[in-house]
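Residue numbers for the sequence shown follow the numbering used here, so the first one is 5 and each next one is one higher. The beta-carbon is built from N, C-alpha and C at its ideal position, and this holds for glycine as well.
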Amino acid sequence: MTESRRSPARRGLVLGGGGVLGGAWAVGALEAIEEVHGIDPRDFDIIVGTSAGSVLGALVAAGVSIEALRDHQRGVPITEGPLAGYLWDYETATGGRRPSMPRLRGPGSVRLMASSLRHGLKMPPTAVLSAFLPVGNGSLERVGHLIDAITPFGEWSPHRSLWVVAMDYEAGHRVVFGRDDAPRASLADAVMASCAIPGWFEPVTIDERTYVDGGAWSATSADVLAGHGLDEVYVVAPMVSFETDEPDSLLSRLERRWRGSVTRRCEGEVAELRDEGVQVTVLGPGREDLEAMGGNIMDGRRRLEVLETSLRTSRVALESGGSGRLADTG
Numbered sequence: 005m006t007e008s009r010r011s012p013a014r015r016g017l018v019l020g021g022g023g024v025l026g027g028a029w030a031v032g033a034l035e036a037i038e039e040v041h042g043i044d045p046r047d048f049d050i051i052v053g054t055s056a057g058s059v060l061g062a063l064v065a066a067g068v069s070i071e072a073l074r075d076h077q078r079g080v081p082i083t084e085g086p087l088a089g090y091l092w093d094y095e096t097a098t099g100g101r102r103p104s105m106p107r108l109r110g111p112g113s114v115r116l117m118a119s120s121l122r123h124g125l126k127m128p129p130t131a132v133l134s135a136f137l138p139v140g141n142g143s144l145e146r147v148g149h150l151i152d153a154i155t156p157f158g159e160w161s162p163h164r165s166l167w168v169v170a171m172d173y174e175a176g177h178r179v180v181f182g183r184d185d186a187p188r189a190s191l192a193d194a195v196m197a198s199c200a201i202p203g204w205f206e207p208v209t210i211d212e213r214t215y216v217d218g219g220a221w222s223a224t225s226a227d228v229l230a231g232h233g234l235d236e237v238y239v240v241a242p243m244v245s246f247e248t249d250e251p252d253s254l255l256s257r258l259e260r261r262w263r264g265s266v267t268r269r270c271e272g273e274v275a276e277l278r279d280e281g282v283q284v285t286v287l288g289p290g291r292e293d294l295e296a297m298g299g300n301i302m303d304g305r306r307r308l309e310v311l312e313t314s315l316r317t318s319r320v321a322l323e324s325g326g327s328g329r330l331a332d333t334g
């Protein structure tokens with residue numbers, strides 16, 4: 005008698021945007037996935053990264069372990085792997101908690117403004133808004149240096165399916181670098197493009213096209229995994245929350261309202277995957293995480309507190325199926 009064997013599950017990992025603090029929170033979430041569900045993030049079949057998630061995705065796809073990512077955040081010297089000996093100041097590498105003075109020369113993208121007048125109903129509100137913001141002046145050069153250090157010679161990732169999401173700043177559509185239908189780009193350029201927050205950082209030019217943060221289209225872009233034959237998808241989403249705190253500051257209250265809209269968009273993307281029978285787990289910051297984050301996701305002074313909180317709360321959420329987790333019922 006021949007014994008039948010089940011094929012191993014095909015899994016996708018979505019790493020959403022969320023600034024400096026979102027990146028720190030996501031490290032804790034990834035450690036929880038590894039420890040609770042026994043899945044090494046480096047083993048996912050497809051990895052999708054947006055903004056801060058694209059940096060994290062590039063590191064994971066290059067073979068950096070979760071232990072190394074956690075220790076690097078803590079300032080512990082790394083002696084093995086792609087990050088060995090690499091020094092990085094998380095508080096200042098992207099310019100600090102406030103943006104540089106933007107270039108005051110009109111809207112960031114006149115072409116996108118014109119396109120939004122014709123096709124605005126088909127674009128996310130964030131994409132339309134990005135056109136009206138001034139051109140950012142912040143530099144992502146050090147992010148590019150980090151990515152070059154783990155993938156030298158301008159190459160793409162050694163991972164066969166690392167996808168990096170950015171937005172074409174002229175046409176206003178999403179671009180997923182690393183897929184066959186996307187323009188060719190070095191990994192460093194793609195990650196910098198994915199991180200170029202409109203009005204904060206300078207847009208990135210790749211092959212004569214200008215790109216900005218993929219979060220201008222979606223903070224997660226989980227729907228790009230639809231139609232790829234996956235069995236399971238994990239969405240690690242620093243800007244998605246299924247519960248909230250009650251902050252006192254105006255900035256934090258505004259951030260929580262914005263977070264609500266991001267969460268609803270992510271839920272729509274997840275529904276598309278579940279309609280295909282994909283089992284989806286979404287992990288987002290809970291009440292304690294939000295209290296640690298405050299209202300400015302670029303405030304690196306809170307980074308270690310966010311990391312240590314996530315290391316604890318993300319594990320609890322996965323173990324208990326709590327409000328930080330959105331489990332598939334299909």
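Sufficient close CB pairs (3 or more, under 8 Å) joining the region 260-269 to the region 305-313: no
CA-to-CA distance, L277 to E236, given in whole angstroms: 9 Å
Buried versus exposed, by CB contacts within 10 Å (16 or more), T214: buried
6 Å CB neighbourhood of A192 in its chain, flanking five on each side removed: G148, I151 and D152
Rounded C-alpha distance that separates A77 from T155: What sits at residue 77 in the sequence shown is Gln, not Ala. The alpha-carbon atoms of Q77 and T155 are separated by roughly 20 Å.
Backbone secondary structure at G112 - three-state DSSP: coil
Distance between L294 and V31 (C-alpha atoms, nearest Å): 15 Å
Sequence-distant residues of the same chain with beta carbon closer than 7 Å to A220, five excluded per side: T130, A131, S134, M171 and P202
Residues sharing a beta bridge with R178, DSSP: M171
Span separating the alpha-carbon of A230 from that of G158: 29 Å
Segments of 3+ residues assigned as beta strand (DSSP E) that fall wholly inside the region 247-308: 283-287
Contact belief for C199 with S55 at Cβ below 8 Å, rounded distance in angstroms: 5 Å
Beta-carbon gap between G304 and Y90 smaller than 7 Å: no
Short Cβ contact (7 Å threshold) for G85 with V68: yes
Bridge-paired residues (DSSP) for D3: Absent from the structure is residue 3, since the part of the chain shown begins at 5 and ends at 334.
Neighbourhood of D75 by C-beta distance below 7 Å, restricted to the same chain and skipping five residues each side: I82
Cβ separation of A226 and V274, assumed to be a contact under 8 Å, to the nearest whole Å: 6 Å
Euclidean distance between Cα positions of E35 and I70: 6 Å
Assigned secondary structure, R15 (DSSP; H/G/I helix, E/B strand, else coil): strand
DSSP-derived helix/strand/coil call for F205: strand
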